[in-house]
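Those letters in the sequence shown? Residues 163 to 282, by the working numbering.
Written out below as structure tokens is the structure these notes cover.
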Amino acid sequence: MTASGRSHPDLLESAVPYAIDATTERERRHIERRLHTADAATAAAFTAVLRGTREAVAVMTVLDVVAPPPAVELQVQRALDTMSGQRGRGRRPPSLFGCLTSAITGAIHRCRGHPRRPPP
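Next up, the structure:
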């Protein structure tokens with residue numbers, strides 16, 4: 163990072179994929195170059211997201227695994243069946259990255275003591 167760094171607000175969108183190694187080597191190098199030239203505020207925000215994501219992943223790896231209630235499994239199966247029927251009609255299923263990002267964000271909020279927001 164340089165003292166006269168540039169603001170890269172969109173760089174923060176790359177922090178979670180970078181933290182969980184969900185980028186290609188080329189993307190990783192590009193992110194690192196942009197981070198090196200970013201202003202101090204952007205670099206600090208990127209580092210905070212990176213740290214929070216890694217902490218959340220660490221917490222998630224030590225949690226006890228508890229089987230979901232049978233009703234949850236049934237709901238997931240129904241949702242998958244519904245989604246697979248809609249694929250041919252222009253709807254895309256949620257991406258793995260989107261699902262993972264959502265799970266990590268929720269874990270970060272729970273780790274920091276934030277209550278879960280109700281769905282809109």
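Using N, Cα and C, we set each Cβ at its ideal position, and we do this for glycine too.
Of the choices the options, whose alpha-carbon is the least far from that of residue i?
i: Ala-184; options: Leu-212, Ala-202, His-198 and Thr-199; result: Leu-212
i: Ala-220; options: Ser-169, Ile-182 and Arg-168; result: Ile-182
i: His-192; options: Ala-202, Ala-265, His-170 and Ala-241; result: His-170
Please report the straight-line C-alpha distance between residue i and residue j, rounded to a whole angstrom.
i: Leu-197; j: Leu-173; result: 8 angstroms
i: Ala-200; j: Ala-218; result: 25 angstroms
i: Gln-237; j: Pro-230; result: 11 angstroms
i: Thr-204; j: Ala-233; result: 44 angstroms
i: Met-245; j: Gln-239; result: 10 angstroms
i: Arg-195; j: Thr-223; result: 30 angstroms
i: Thr-215; j: Asp-243; result: 31 angstroms
i: Ala-210; j: Ala-265; result: 18 angstroms
i: Ala-202; j: Arg-168; result: 9 angstroms
i: Ala-206; j: Glu-175; result: 14 angstroms
i: Glu-235; j: Thr-186; result: 33 angstroms
Please list the terminal residues of the continuous alpha helix (DSSP H) segment that includes residue i.
i: Thr-199; result: 187 to 199
i: Arg-213; result: 202 to 224
i: Ala-290; result: Look at the range of the chain in this structure, 163 to 282, and you will see that residue 290 is not part of it.
Just confirm the distance between the C-beta atoms of residue i and residue j, as a whole number of angstroms; I'd bet it's less than 8 angstroms.
i: Phe-208; j: Ala-241; result: Between Ala-241 and Phe-208 the Cβ distance is about 34 angstroms, and since that is not below 8 angstroms, they are no contact.
i: Arg-188; j: Tyr-180; result: That belief does not hold up - the Cβ atoms of Arg-188 and Tyr-180 are roughly 13 angstroms apart, past 8 angstroms.
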